[in-house]
Amino acid sequence: MLSRGAAVSRSPDGRVLRMIGTHVDITGKKQIEESWRMASQFQRALFDALSAHLLVLDRQGKVVQTNAAWRQYARDNGVPDVTADVGVNYLELLTCLTGGDSQVVQAAAAGIASVASGELPHFQLAQPFHAPSSQRWFSMTVTPVHDAEQRLVVSHEDVSGLKTAEPSRK
Numbered sequence: 294m295l296s297r298g299a300a301v302s303r304s305p306d307g308r309v310l311r312m313i314g315t316h317v318d319i320t321g322k323k324q325i326e327e328s329w330r331m332a333s334q335f336q337r338a339l340f341d342a343l344s345a346h347l348l349v350l351d352r353q354g355k356v357v358q359t360n361a362a363w364r365q366y367a368r369d370n371g372v373p374d375v376t377a378d379v380g381v382n383y384l385e386l387l388t389c390l391t392g393g394d395s396q397v398v399q400a401a402a403a404g405i406a407s408v409a410s411g412e413l414p415h416f417q418l419a420q421p422f423h424a425p426s427s428q429r430w431f432s433m434t435v436t437p438v439h440d441a442e443q444r445l446v447v448s449h450e451d452v453s454g455l456k457t458a459e460p461s462r463k
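Numbers 294 to 463, taken from my numbering, label the letters of the sequence shown in order.
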């Protein structure tokens, strides 16, 4: 129950002469809030359970959410405050991750723009990402969320094992 009350009339000396109040059953509202809270917890658990490094971008290309795999990768590669990625422009992060490879960043920027504009249903680019400890390869996929905020999910799958197994070309 939500109860509210207010004095509507007072005497000259400030004493309350008349009050009005309401009692509203907010059970339905509380059930909806609980449902949303549980759905949010489920989404977070599912997001964090995936091994791919996931980032959610807003329509300006800024990171609004990361998953546990991304945060662990960032910690393992010298990013002291992994929550600092939230609010950062994704292409700036990509520039750091690729060691400044402008071709990769430009291709990713074009792919992200194409998905954001609806030209492409999704975008995928296989590219190397530089990690301080070793050269690693990731496959990047960009997928639209199709929500009011026009968010995008960017996935980085570690494909280093596949790249190492490829026969070398001479």
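Each residue gets a CB set at the ideal place from its N, CA and C atoms; glycine is no exception.
Rounding to the nearest angstrom, what Cα-Cα distance links residue i and residue j in this structure?
i    : j    : result
S426 : L390 : Any answer about S426 is weak, because its pLDDT of 47 lies below 50 and its placement is not dependable; what the coordinates show is given next. One C-alpha to the other measures close to 12 Å.
Q336 : G380 : 20 Å
L418 : L343 : 19 Å
H316 : L295 : 6 Å
I405 : W363 : 19 Å
S432 : V397 : 12 Å
V356 : D451 : 20 Å
According to the neighbour-count rule (16 or more other Cβ atoms, all chains shown, within 10 Å of its Cβ), is residue i buried or exposed?
i    : result
N382 : exposed
I325 : exposed
G298 : exposed
H346 : buried
D440 : exposed
D369 : exposed
So what does DSSP say about residue i, is it helix, strand or coil?
i    : result
T468 : Given that the chain is displayed from residue 294 to residue 463, the structure contains no residue 468 and the question cannot be resolved.
D451 : strand
R352 : coil
R330 : helix
Since residue i and residue j should fall inside the 8 Å C-beta cutoff, what is the C-beta to C-beta distance between them, to a whole number of angstroms?
i    : j    : result
T436 : H415 : 5 Å
Is it true that the CB of residue j sits closer than 8 Å to the CB of residue i?
i    : j    : result
L413 : L350 : no
W430 : S453 : yes
A402 : Q443 : no
A361 : D341 : yes
V447 : L339 : no
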